[in-house]
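Please read the structure below before turning to the comments.
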Amino acid sequence: MPKEGRRKTSKDSGLPGSAINEGSRLERRPAGKTPHLCDDLVHKAAPSNATGAPSVMEERRVPQVTITPEGGGCSREMQQEDWGDAVDGSLRRKLSNSSISSTGSSAVESEDDLLSDNESKGIITLEHLVEPGESKPWWKLKTIVHWPFSATLRRKLNWVQLAGHKGHFKAAGEGTILKKFSENEMHCFEKLRDDALLPFVPGYHGVVEKDGESFLHMTDLLANFDLPNVMDCKIGVRTYLEEELVRARERPKPREDLYKKMVEVDSEGPTPQEHSQRGVTKPRYMQWRETMSSTNTLGFRIEGIKKCDGTCRTDFKKTRSKQDVIHVFRDFVGENVVNIKSYLSRLTEVQQALKTSEFFKQHEVIGSSLLFIHDHTGKAEVWIIDFGKTTALAEGQTLKHDIPWQEGNREDGYLWGLENLIHTLEAAVCMQ
Ligand code: I3P
């Protein structure tokens, strides 16, 4: 039988995320009270006090479910397609594609992708941080771009993917990109055409075929920036679908690649059984990621940052506390609080739009990110991206997005995470 309740490790002890089915109070401002940014919010984003009691943004307790196969389970690595089996047909393709999980703004997966489209051979160098030939997502590579070009060409080349899988993006006409087709994401974009969220999602220009493959044709969100800085922040308290959990329980398939990724970050992460089988199931890995990062505690996490100088960081798996996030964010904006204020104003607009959006009410939003972009001109934008795992609810069902998740209620904690993100950035403004 699958084991319910997340197994506690020495690392987990005391972490709120290890509790089962415990709800938590959301941080709320008293009705009608609009505190002054700095007066009220520095302490709100302060770390937990010495007793361990969260002093602000009380940590959300997310039910954890560990799926551990009896008898060692299947030794075969689980393929993405296997996840497709977990859900109905319409979702099947989507899941295999959803791992794109990219900025949705961006494209250059490889020199080939870029050069073939722009015929700009020799002007871009991809500096490998890993062995060449090793199959790694783009964000494990560091891109060094030299800029002896016109602003137009520079913009054309100025793409970045901070999360997700290699090979899912291609260059397109100027100001647009191609993202590997996902039926689910396509449906989302089609529904978003008439929704309050439209001004906050990438422009969608339909499905196109290229080199025998289907792609979603989208606006390149970076196109209007000059040497942009980009941050991908995944929102929500949960990064896997309930269907994935059900499937893993029915047919647990430990994956060695996920085991290795876990050990790379924390050799004590896997349980003794997982060590002996050298595999962890995907929900187990995803839950571990959520607990190690700020997903469980704050309802969002930083996935990656690409700066205008070409440097790229994705080593945020253990960026968990509010202080950590503030530090990363301030570094991202080069200590320029004006940028943070611009982001805050856009985030507030996003928040308002989400609260009126019919699409948002009717969808479980999993694995979606907010993409932060700013450049030296002071321009700063935030976009909602990645709908590969955003799933429609049954007719008549709606979500609140700010109440605790319990298996079956499909809540994603998106609004709770966004509220915490806003409070964290407000605190970042005030900290000198
Ligand atoms: C990956 C990340 C992706 C997930 C991917 C994970 O972990 O959680 O969101 O893809 O699953 O490996 P990490 O960030 O630690 O590299 P999906 O969102 O599409 O599920 P995958 O290996 O099955 O693609």
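Heads up: the sequence shown is residues 731 to 1162, going by this note's numbering. Note that beta-carbon positions come from the ideal geometry of N, C-alpha and C, so glycine has one too. These numbers were taken from a predicted model, which means no experiment stands behind them.
When distances are taken from the beta-carbon of Met-1022 to the heavy atoms of ligand 1, even the shortest one reaches 7 Å or more. Using a Cβ distance threshold of 8 Å, Val-1080 and Ile-1114 count as a contacting pair.
Counting only runs of 4+ residues, the alpha helix (DSSP H) found wholly inside the stretch 1029-1088 occupies 1052-1062, 1067-1086, in chain order.
Secondary structure within the stretch 982-1027: the alpha helix (DSSP H) runs of 4 or more consecutive residues, fully enclosed, are 986-995, 1002-1007, 1012-1022 (chain order). By alpha-carbon distance to Gly-966, the top candidate from Val-1095, Asp-950, His-917, Ser-1075 is Val-1095. Judged by beta-carbon spacing, Leu-946 lies beyond the 8 Å limit of Phe-899, meaning their Cβ atoms are not closer than that value. Leu-1084 has its alpha-carbon roughly 12 Å from the corresponding atom of Leu-1129. At a threshold of 7 Å, Leu-1101 does not count as near ligand 1, since its beta carbon sits no closer than that to any of the ligand's heavy atoms. Not one heavy atom of ligand 1 is found less than 7 Å from the C-beta of Thr-1120. DSSP places Phe-919 in the helix class (H, G or I) of the three-state scheme. The beta-bridge partner set that DSSP reports for Ala-901 consists of Ile-907. Residue pairing of Ile-1114 in beta bridges, as defined by DSSP: Leu-1100. Arg-1019 has its CB nearer than 7 Å to a heavy atom of ligand 1. Proximity of the beta carbon of Thr-969 to ligand 1 is indicated: a heavy atom of the ligand is located closer than 7 Å. Distances taken from the Cβ of Leu-975 to the heavy atoms of ligand 1 include none shorter than 7 Å.
Non-local beta-carbon contacts of Gly-933 in its own chain, meaning distances under 7 Å to residues more than five positions away in sequence, involve Met-948, Thr-949 in chain order. In this structure, the straight-line span from the alpha carbon of Gly-903 to that of Val-937 is close to 14 Å. With a beta-carbon spacing of about 6 Å, Thr-969 and Gly-1097 fall inside the 8 Å limit used to define contacts.
Asn-1066 has its alpha-carbon roughly 33 Å from the corresponding atom of Asp-925. With contacts defined by Cβ atoms closer than 8 Å, Asp-1105 and Phe-955 form a contacting pair. When rounded, the separation of the alpha-carbon atoms in Glu-1149 and Asp-941 is 42 Å. Shown here for Thr-906: same chain residues with a beta carbon closer than 7 Å to its own, the five before and five after excluded, namely His-935, His-947, Met-948, Thr-949, Asp-950 in chain order. Relative to the non-hydrogen atoms of ligand 1, the Cβ of Lys-991 comes within a distance shorter than 7 Å of at least one. When C-beta atoms of the stretch 1024-1031 are compared with those of the stretch 998-1005, fewer than three pairs fall below 8 Å, so the two segments do not count as touching.
Counting other Cβ atoms within 10 Å of its Cβ, Val-931 reaches 16 or more and is therefore classed as buried. Excluding five sequence positions before and after Glu-1088, the CB atoms of its chain that fall closer than 7 Å to its own CB belong to Asp-925, given in chain order.
Across the set Asn-959, Lys-964, Lys-1047, the C-alpha of Asn-959 shows the shortest separation from the C-alpha of Thr-1107.
Taking C-alpha positions only, Asp-987 is separated from Arg-1050 by approximately 23 Å. By the criterion of a C-beta distance shorter than 7 Å, Leu-928 is surrounded in its chain by Leu-922, once the five residues flanking it on both sides are discounted. Not one heavy atom of ligand 1 lies closer than 7 Å to the C-beta of Met-961. At a cut-off of 7 Å, the beta-carbon of Leu-946 does not count as near ligand 1: no heavy atom of the ligand is closer than that.
Short of 7 Å from the beta carbon of Ile-1032, and not among the five residues preceding or following it, lie these beta carbons of its own chain, in chain order: Met-961, Cys-963, Phe-1046, Thr-1049, Val-1055, Val-1058.
A straight-line Cα-Cα distance of about 9 Å links Leu-1151 and Lys-1052. For Leu-988, the shortest C-beta to heavy atom distance toward ligand 1 is below 7 Å. Residue environment analysis places Glu-973 among the buried positions, since at least 16 neighbouring C-beta atoms fall within 10 angstroms of its C-beta. In the structure shown, the three-state DSSP call for Asn-1150 is helix.
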